[in-house]
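Taken in sequence, the protein lines are chains C and R.
Residues in the first sequence are numbered consecutively from 1, following my numbering.
Residues in the second sequence are numbered consecutively from 563, following my numbering.
By construction, the Cβ of each residue, glycine as well, lies at the ideal position given by its N, Cα and C atoms.
The structure appears right after this line, and notes come after that.
2 protein chains.
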Amino acid sequence: MEKKKENGLVLDGKQSGRVINGPTNPMVTPLLNDLYQFTMAYAYWKAGKQSERSVFDLYFRKNPFGGEYTIFAGLEECIKFLANFNLTDQEIDFVRDSLPGCEEAFCDYLRGLDCSDIEVYAISEGSVVFPKVPLLRIEGPVAVVQLLETPFLNLINYASLVATNAARHRFVAGKSKLLLEFGARRAQGPDGAISASKYCYLGGFDATSNVAAGRLFGIPLRGTHSHAFVSSFMGLDEIVDKVLRSSDGKSTCEDFVCLVQSCLTKIQNSSSLQGIFSETNQSELAAFISYALAFPNSFLALVDTYDVMKSGIPNFCAVALALNELGYKAVGIRLDSGDLAYLSTEVRKFFCAMERDLKVLDFGKMIITASNDLNEETVDALNKQGHEVDAFGIGTNLVTCYAQAALGCVFKLVEINNQPRIKLSEDVTKVSIPCKKRTYRLFGKEGYPLVDIMTGENEPPPKVGERLLCRHPFNESKRAYVVPQRVEELLKCYWRGNADEAREELEPLKELRNRCIKQLENMRPDHMRRLNPTPYKVSVSAKLYDFIHFLWLNEAPVGELH
Amino acid sequence: MEKKKENGLVLDGKQSGRVINGPTNPMVTPLLNDLYQFTMAYAYWKAGKQSERSVFDLYFRKNPFGGEYTIFAGLEECIKFLANFNLTDQEIDFVRDSLPGCEEAFCDYLRGLDCSDIEVYAISEGSVVFPKVPLLRIEGPVAVVQLLETPFLNLINYASLVATNAARHRFVAGKSKLLLEFGARRAQGPDGAISASKYCYLGGFDATSNVAAGRLFGIPLRGTHSHAFVSSFMGLDEIVDKVLRSSDGKSTCEDFVCLVQSCLTKIQNSSSLQGIFSETNQSELAAFISYALAFPNSFLALVDTYDVMKSGIPNFCAVALALNELGYKAVGIRLDSGDLAYLSTEVRKFFCAMERDLKVLDFGKMIITASNDLNEETVDALNKQGHEVDAFGIGTNLVTCYAQAALGCVFKLVEINNQPRIKLSEDVTKVSIPCKKRTYRLFGKEGYPLVDIMTGENEPPPKVGERLLCRHPFNESKRAYVVPQRVEELLKCYWRGNADEAREELEPLKELRNRCIKQLENMRPDHMRRLNPTPYKVSVSAKLYDFIHFLWLNEAPVGELH
């Protein structure tokens, strides 16, 4: 195994001649595991069962956020985990000390463990996915597969949840808006922040403020300044170096402060703005000027430290105009409080009035960014009220998935030693679908996906143009014939132990993001709407249906009505 | 700086002769930051303001979970961040490339940055804390302090939130119950899982199932097995090695399976249990026997894979009895579904009946563990219904803080160059309390804390037995005289740059946990109750009150009614 380390981050892991690219989180070791995965491994080993070939499905039971779709994410991290799976001697010592009565020979067993006997089939990361359909099918020695359960669930649950949350925010904001993830400070821990940035980008966000995530994953970075920056200035006399070269480098403004002040007067006297504001806050103006002197090419100011319309906007416009005179173009403003619909509309009017009155090309088109505790609902409410916001900066609600903080993926045994296993429950939604399965997505004439179907491993695949009976796995009366116009097999092999052939390559984050955006665009609109969306259908083949119910009967306790 | 690395985790960081103990999360670098902290640092630097002495307060505005208290956690991680603060050349290159027009000299400035000019005063970690009172006061060069904002908020927000959540679960479960954190699979990312385990322990949990957290922080580990373990067995013939030595090592049972079967028959025939169950599930029995053979000293079984009362409990009891005959003591069971109040009561009756009928000492006292999507409300509901649960395993709702997934700590400039700064807002709860402050907790006759008070840095401290006017910071009419029986200064110095003297030592996690438990016990009960708790009072001195309102008037925009 070759590794390049920097700051503790493994930047490349190599396994059996294949390089697994991208950063690996060093917290993700085999000890990131529930103790009982190790106690079970030990019990399997003691019973001589540790190598029995098992098949587990990883899936979820319910879409999050009251919606009818989920974005699958976290697969790459799982594959990297497999590639880097090994227990150090110190870790093995710790496991031994944690298992009462643990025999030394078990430690030798752990020492030799790797994932060369594991096969993982998965839906492509970034896909739109649905309840009950396996996101991953994991095959291998039962003791080893059980050691993957907790890390895989950990790596997929949050990744998929936050990617879905991001996709939902994108849906409500619309394609044309810029979506910025601003969550680092409120995320659930440092890695929560970094994962959030990664998977929000995958789910359709445009950029993040998180520098570490930008660096690790190549996500575009955005950010302006905070209120503290504005408050840290007392007045214009603090600005010592007032010189600014023009954008083309051909001339030099010796006193940018003076230029800004003259622009402010121009604004005050402009025909349509007369009397709208009087004196602006001078420490705010000093802060804006300083920021513009540092970033003349990308000036974006937070305008609500004092009063948006009476101070922030006039101050910003004065600086923007002065920059304009030197050939620069200001980017825009950010609003972080107040009535965002009203303020954004007023700000746009102000910008447009300036473009008209002062003849500054494109001044009316400057970017208005809104932040301040935004979420799906508030963006939706803004849309209904009408607003002029171009970019949304979304933090807390997005990254902590405030509306629903967890996705409940489970990891269920469906076959061992070629014997199918079913987990029954009084709650029918918790009954597992047994057998090693194949899964397909069937597409209709309009190109929309119609239904996902699970079949036994050895059933012939659905054929284009051929009528196929799709059954609800547990409800006898729910069934439909479908004639697919296109059939896509969902589970592909992403890990096949040491065998290198025929394994899907991990794709760059940007590709996953493109897949996500494309698949979402291709969904039938009624599955996507926020209010009462139509559930997407998930089915089993007639043969699998019969088999499930045959097993169910056999497993149910005597005399019980399950 | 001396560092010992293992698996990418820095286990010891040393700074200026002081060892900062314990593991450091390698994801926590200065790049775990919002881009705008760097753009501001650059703008400060361009304006020549980078070294201006600033004071920032870190505090929250509202207690989480509808409660009236919060547990402060995350301090140790902040101090470690300071001790390890440095930007690598690659990181600096990345920052340069992310800042448009960044001058090379700024990179030199970044290269020389450390936290030797920073002072941090903080409330002791594990303390009960309240809104508006600074948890940390951070002093130092403004550009450096701003680079601490996002990492500190990230490290404290979730830590304090989840510790508070744990404390609330402890409160409702009561002192006598065992509380186990089972959240690794549902936590928000790998580090979310590890932080959750750490801070749930701090907040009063007894153990975790998370092996990595157990190892990193010395938290007791607990865990049993999963449904998959039970499902993986087909029948008793799978058990090959049936030998079990007795607990004292003096005798050997050659066929433990046979012994269990005879115990099962005994149970079936025992006077008070006759007819309660008939045939138990044999694959479940096989799984239990295998687990007991692996862990005869700590046998704890999950009993709800098939049917708790008809299969799981009789099977468990048969194995427990057989173990008992060999001198071992089974630990108990876990219930992971169904009506936990009813089932736990029925299970207890069953255990007690067995103790009575079969004369097995303490059999009735075996531990009943409950899991399955538990939270504050469900534990409270169980208490109201009456139950026999001894231990709660709590996962998703605990670690993701499902009821409220974020705490909103903020980081506000309160002074720069010895000038006080106030951040106004139309929303009075968002107005910051200016000035470098001291804070005290005043205790009454009964020993309860009465009120927290903030004063200016140079005001004389409150004195025991002396009448003191405590004012609401923003509401003129809210004021009260208090005669403290004890006064505790809250902010202590935890970081003083390179100066080693007079700095608080970081305490072991167990000490923080003890502080948390002790302080919670010492709160007046009406602040703690779940329904409509009384808010704890947070106040300012008369002098600080006057100063806040003097500044407020001066800062408010002309003609505005704030």
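In chain order, Phe182, Ala184, Arg185, Ser209, Asn210, Val211, Gly223 make up the part of chain C whose C-beta sits under 8 Å from the C-beta of aspartate 596 of chain R. Looking from the CA of serine 933 of chain R, the closest CA among R:Met916, R:Thr958, R:Arg910 belongs to R:Thr958. Contact of proline 314 of chain C with chain R is not assigned, every C-beta pair being separated by 8 Å or more.
Contacts between tyrosine 291 of chain C and chain R, judged by CB atoms closer than 7 Å, involve Ala605 in chain order. Taking C-alpha positions only, phenylalanine 861 of chain R is separated from isoleucine 851 of chain R by approximately 10 Å. The stretch 31 to 40 of chain C makes contact with the stretch 785 to 805 of chain R; the number of CB pairs closer than 8 Å reaches 3 or more.
At a cut-off of 8 Å, the C-beta of aspartate 191 of chain C has a neighbouring C-beta in chain R. Below 8 Å, too few C-beta pairs join the stretch 966 to 973 of chain R and the stretch 305 to 316 of chain C to call them touching: fewer than three. Measuring C-alpha to C-alpha distances from leucine 742 of chain R to each of R:Arg896, R:Leu675, R:Lys1099 identifies R:Arg896 as the nearest. When Cβ-Cβ separations below 8 Å define contact, valine 909 of chain R makes no contact with chain C.
With a threshold of 8 Å between beta carbons, arginine 777 of chain R makes contact with chain C. Note on geometry: alpha-carbon atoms of lysine 1040 of chain R and alanine 292 of chain C lie some 44 Å from one another.
At a cut-off of 8 Å between beta carbons, methionine 796 of chain R contacts chain C. The residue among R:Tyr1002, R:Leu920, R:Lys642 with its C-alpha nearest the C-alpha of lysine 828 of chain R is R:Leu920.
The beta carbon of valine 482 of chain C sits closer than 7 Å to the beta carbons of Leu442, Leu450, Val451, Leu468, Cys470 from its chain, once the five residues preceding and following it are set aside; these are given in chain order.
Within the stretch 53 to 103 of chain C, the runs of alpha helix (DSSP H) that reach at least 4 residues and sit entirely inside it are, in chain order, 75 to 84, 89 to 98.
Not one beta carbon of chain C lies nearer than 8 Å to the beta carbon of asparagine 1094 of chain R.
Out of C:Phe205, C:Glu284, C:Ala213, the CA that lies nearest to the CA of histidine 225 of chain C is found in C:Glu284. In this chain, the alpha helix (DSSP H) harbouring methionine 40 of chain C covers 35 to 46.
Its chain contains Phe351, Met354, Glu355 as the residues whose beta carbon lies nearer than 6 Å to that of phenylalanine 363 of chain C, once the 5 sequence neighbours on both sides are disregarded; these appear in chain order. Per DSSP, proline 151 of chain C is one residue of the alpha helix (DSSP H) stretching across 142 to 173. Interface annotation for the stretch 430 to 447 of chain C against chain R: empty, criterion Cβ-Cβ distance under 7 Å. One finds Ala746, Arg747, Arg748 in chain R with Cβ atoms closer than 9 Å to the Cβ of leucine 153 of chain C, taken in chain order.
Across the structure, leucine 740 of chain R and valine 389 of chain C are spaced so that their CA atoms are roughly 51 Å apart.
Contact of histidine 949 of chain R with chain C is not assigned, every C-beta pair being separated by 8 Å or more.
Contacts between isoleucine 756 of chain R and chain C, judged by CB atoms closer than 9 Å, involve Met27, Leu32, Gly189, Asp191 in chain order. Taking every protein chain shown into account, the CB of threonine 991 of chain R has fewer than 16 other CB atoms within 10 angstroms, so this residue is exposed.
Listed in chain order, the beta strand (DSSP E) runs fully inside the stretch 320 to 364 of chain C are 332 to 335, counting runs of at least 3 residues. Remark: C-beta atoms of valine 431 of chain C and lysine 423 of chain C approach each other more closely than 8 Å.
In the three-state reduction of the DSSP assignment, isoleucine 930 of chain R falls in the strand class, which pools E and B.
Sequence-distant partners of alanine 212 of chain C (beyond 5 residues in either direction) whose C-beta falls short of 7 Å from its own C-beta, in its chain, are Ile194. The beta-carbon separation of aspartate 866 of chain R and aspartate 898 of chain R, rounded to 5 Å, stays under the 8 Å limit for a contact. Counted as a single uninterrupted DSSP element, the beta strand (DSSP E) harbouring proline 1011 of chain R occupies residues 1011 to 1018. Taking all protein chains shown into account, glycine 218 of chain C has fewer than 16 neighbouring C-beta atoms within 10 Å of its C-beta and is therefore exposed. Look at the stretch 226 to 303 of chain C and you find these whole runs of beta strand (DSSP E), each 3 residues long or longer: 300 to 302. By the Cβ neighbour-count rule, phenylalanine 550 of chain C is exposed, with fewer than 16 other Cβ atoms within 10 Å of its own.
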